[in-house]
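K.L.:
Be aware that the sequence shown starts at -5, since it is given in my numbering, and climbs by one per residue.
Where a beta carbon is used, it is the ideal one built from N, C-alpha and C, also for glycine.
Computed from a predicted model, the values in this text were never measured in an experiment.
Starting off with a structure, shown below.
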Amino acid sequence: FLMNQPKPVRKAVFPVAGLGTRFLPATKSIPKEMLPIVDKPLIQYAVEEALEAGIDTLIFVTSRNKHAISDHFDTAFELQTRLAQDGKTGLLQRINQIVPDEVNLVYVTQPEALGLGHAILCAETIVGDEPFAILLADDMIRNDGPGALAQMVDLYRESGASVIGVEEIPDEMTTSYGVVGVEVNDQGRSAIHTMVEKPVPEDAPSRLGVVGRYVLDPAVFSYLHGVTAGSGGEIQLTDGIAAMLQTHPVLALPFEGERYDCGSRHGFIKATIDYAIDHDDIRDDMLDHMSDLLEQF
Ligand code: UTP
């Protein structure tokens, strides 16, 4: 595992081609990643986290309904003209500067929802031979300090090894996560030696669940090509990374920050409440409402 100076992590892949069945009918005509937490869609929070980590190329793997995502990051000429005419500069700023001009946006299509691993393979030619990040926007990570991806990119820069975001999960949740087995290596870092997708608690190598943040060596693509449909009949990213472990080191990082599983309805609503309380203009109203509610139950 001898490493030269690792290449910078410049590209991030955002898979947004899932079916989002847990949010039907809301996700019938828009991708799950366009659902808003307070006033921003999930995908925008993830994009902001990536930009903060130094990413300059955003690659969206889309399917049907792809227009909603590209429209969101495109200029909205009529809306901007109107807001400018009405002197609504605050609002104008909020829609104008979502992504700085120097950042590249690339859209690729996943023709069929064959799994997350398959979605990542759709980005292979755009990523090329460079380390890259993956962000699943439905995992939202709230932070006061540096964002989760920035923490992971730092570790990649120091170690030259791929990095996966993990967190402690309760026993009964192993069947909903990729679970990793780790051992502490010579540098005192948690090196992954096993990775299992959605194991029953008895088969789970630990209680460290994989969260939707990855910094990966491009070698993962050749391993993904060898993966056949696994858990749930889908081509799993976990299986590709598990195969890569034989030849490439992969570290687990229990990042700082609070994660919300916005792919589930209760996680989505928790995030909505916590982010609403972060907004000065609606905080008091929200808290009053919640204390009224609590009195009733
Ligand atoms: P999920 O496992 O959350 O699946 O995908 P889903 O289809 O989005 O949602 P449910 O479970 O039906 O409600 C994890 C991530 O992988 C992407 C999704 O968009 C999400 O960001 N994904 C999944 C794809 O891009 N393509 C796929 O074929 C599957």
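With a threshold of 16 other CB atoms inside 10 Å of the CB of F291, please say whether the residue is buried or exposed.
P.N.:
On the sequence shown, position 297 is the one that residue 291 refers to. Per the 10 Å Cβ criterion, exposed.
K.L.:
Below 7 Å CB to CB, which residues in the same chain sit around A44 once its five sequence neighbours on both sides are set aside?
P.N.:
Looking up residue 44 in the sequence shown gives position 50. Cβ neighbours of A44 beyond the five flanking positions: A6, L52, A127, L129 and L143.
K.L.:
Need the endpoints of the alpha helix (DSSP H) that S184 sits in, please.
P.N.:
In the sequence shown, the residue the question calls residue 184 occupies position 190. Note, S184: premise wrong, no alpha helix (DSSP H); beta strand (DSSP E) at S184 to E191.
K.L.:
List, from N- to C-terminal side, the beta strand (DSSP E) runs of 3 residues or more that fit wholly inside the segment 83 to 112.
P.N.:
98 to 103
K.L.:
Beta strand (DSSP E) containing G251: first to last residue?
P.N.:
Numbered from its first residue, the sequence shown carries residue 251 at position 257. Careful: G251 lies outside any beta strand (DSSP E) and carries neither H nor E.
K.L.:
Helix, strand or coil, according to DSSP, for S156 in the structure here?
P.N.:
The residue labelled residue 156 in the question sits at position 162 within the sequence shown. Here S156 sits in strand by DSSP.
K.L.:
Any heavy atom of ligand 1 closer than 7 Å to the Cβ of H112?
P.N.:
What you label residue 112 is simply residue 118 of the sequence shown in a count that begins at 1. Yes, Cβ of H112 sits closer than 7 Å to a heavy atom of ligand 1.
K.L.:
Taking DSSP as the reference, what is the three-state secondary structure of L287?
P.N.:
As a position in the sequence shown, residue 287 is number 293, starting the count at 1. Helix.
K.L.:
Mapping the DSSP letters down to three states, classify G161 as helix, strand or coil.
P.N.:
Here residue 161 refers to the residue found at position 167 of the sequence shown. Note that residue 161 is Glu in the sequence shown, not Gly. Strand at E161.
K.L.:
With DSSP collapsed to three states, give me the class of T69.
P.N.:
Residue mapping note: residue 69 aligns to position 75 of the sequence shown, counting from 1. Coil at T69, not helix or strand.
K.L.:
If we require 3 or more residues per run, which beta strand (DSSP E) segments fall completely within the segment 193 to 270?
P.N.:
202 to 210, 244 to 247 and 252 to 255
K.L.:
Could you check if A70 is buried or exposed, using at least 16 other CB atoms within 10 Å of its CB as the buried criterion?
P.N.:
The residue given as residue 70 occupies position 76 in the sequence shown. Counting the other CB atoms within 10 Å of its CB gives A70 a total below 16, which places it among the exposed residues.
K.L.:
Who are the Cβ neighbours of T188 in its own chain at under 8 Å, not counting the five residues just before and after it?
P.N.:
The count along the sequence shown starts at 1 and reaches residue 188 at position 194. V174, G175, P199, A236 and L239.
K.L.:
Can you find a heavy atom of ligand 1 that lies under 7 Å from the Cβ of F17?
P.N.:
In the sequence shown, residue 17 corresponds to position 23, counting from 1. Checking every heavy atom of ligand 1 against the Cβ of F17, one is found closer than 7 Å.
K.L.:
Over what stretch of residues does the beta strand (DSSP E) that includes T168 continue unbroken?
P.N.:
On the sequence shown, position 174 is the one that residue 168 refers to. Careful: T168 lies outside any beta strand (DSSP E) and carries neither H nor E.
K.L.:
Reducing DSSP to helix, strand and coil, say where L18 ends up.
P.N.:
Counting from 1 along the sequence shown, the entry for residue 18 is found at position 24. Here L18 sits in coil by DSSP.
K.L.:
If we count the other Cβ atoms within 10 Å of its Cβ and call it buried at 16 or more, is A78 buried or exposed?
P.N.:
Against the sequence shown, residue 78 aligns to sequence position 84. Classification of A78: exposed, given that the 10 Å Cβ count is below 16.
K.L.:
Quick check: does the Cβ of D80 come within less than 7 Å of any heavy atom belonging to ligand 1?
P.N.:
Position 86 of the sequence shown holds residue 80. No, since every heavy atom of ligand 1 falls outside the 7 Å radius drawn around the Cβ of D80.
K.L.:
For G203 versus Y171, is the C-beta spacing smaller than 8 Å?
P.N.:
Counting from one through the sequence shown, the residue named residue 203 turns up at place 209. Counting from one through the sequence shown, the residue named residue 171 turns up at place 177. Taking 8 Å as the cut-off, the Cβ atoms of G203 and Y171 count as close.
K.L.:
In whole angstroms, what separates the C-alpha of G251 from that of G141?
P.N.:
On the sequence shown, position 257 is the one that residue 251 refers to. On the sequence shown, position 147 is the one that residue 141 refers to. Cα to Cα, the separation comes out at about 8 Å.
K.L.:
Determine the closest residue to L85 out of D33, I37, K60 and E228, with distance taken between C-alpha atoms.
P.N.:
One-based indexing of the sequence shown puts residue 85 at position 91. Nearest option by C-alpha distance: D33.
K.L.:
Is any heavy atom in ligand 1 found nearer than 7 Å to the beta carbon of V10?
P.N.:
As a working note, residue 10 is residue 16 in the sequence shown. Yes; taking the cut-off as 7 Å, the Cβ of V10 has a heavy atom of ligand 1 nearer than that.
K.L.:
Mind checking which residues open and close the beta strand (DSSP E) that includes I292?
P.N.:
Not covered by the structure: residue 292. The range shown for the chain is -5 to 291.
K.L.:
Less than 7 Å separating the Cβ of D132 from some heavy atom of ligand 1?
P.N.:
Sequence index remark: in the sequence shown, residue 132 carries index 138 (1-based). Because some heavy atom of ligand 1 lies under 7 Å away, the Cβ of D132 counts as near it: yes.
K.L.:
Look up I49 in the DSSP assignment and say whether it is helix, strand or coil.
P.N.:
Stepping through the sequence shown from its first residue, residue 49 is reached at position 55. Three-state DSSP puts I49 in coil, outside helix and strand.
K.L.:
Under the assumption that D121 contacts G159 (Cβ atoms under 8 Å), give the Cβ distance between them as a whole number of angstroms.
P.N.:
Position 127 of the sequence shown, counted from the first residue, corresponds to residue 121. Position 165 of the sequence shown, counted from the first residue, corresponds to residue 159. According to the sequence shown, residue 121 is Val rather than Asp. Actually they do not touch by this definition, with Cβ atoms about 19 Å apart.
K.L.:
Considering V32, what are the terminal residues of the beta strand (DSSP E) in which it resides?
P.N.:
Within the sequence shown, the letter at position 38 stands for residue 32. That residue, V32, is in no beta strand (DSSP E); it is neither H nor E in DSSP.
K.L.:
Any contact between the segment 224 to 234 and the segment 268 to 287? By contact I mean 3 or more CB pairs, one from each, below 8 Å.
P.N.:
Too few Cβ pairs lie closer than 8 Å, so no.
K.L.:
Taking the beta carbon of M146 as the centre, do at least 16 other beta carbons fall within 10 Å, making it buried, or is it exposed?
P.N.:
Taking the sequence shown and counting its residues from 1, one reaches residue 146 at position 152. Answer is buried; the Cβ neighbour count reaches 16.
K.L.:
Compute every distance between the C-beta of G109 and the non-hydrogen atoms of ligand 1, then say whether any falls below 7 Å.
P.N.:
Locating residue 109 in the sequence shown gives position 115, counting from the first residue. True, at least one ligand heavy atom lies under 7 Å from that Cβ.
K.L.:
Per the DSSP calculation, V55 is bridged to which residue(s)?
P.N.:
Looking up residue 55 in the sequence shown gives position 61. DSSP output for V55 lists P9 and V102 as bridge partner(s).
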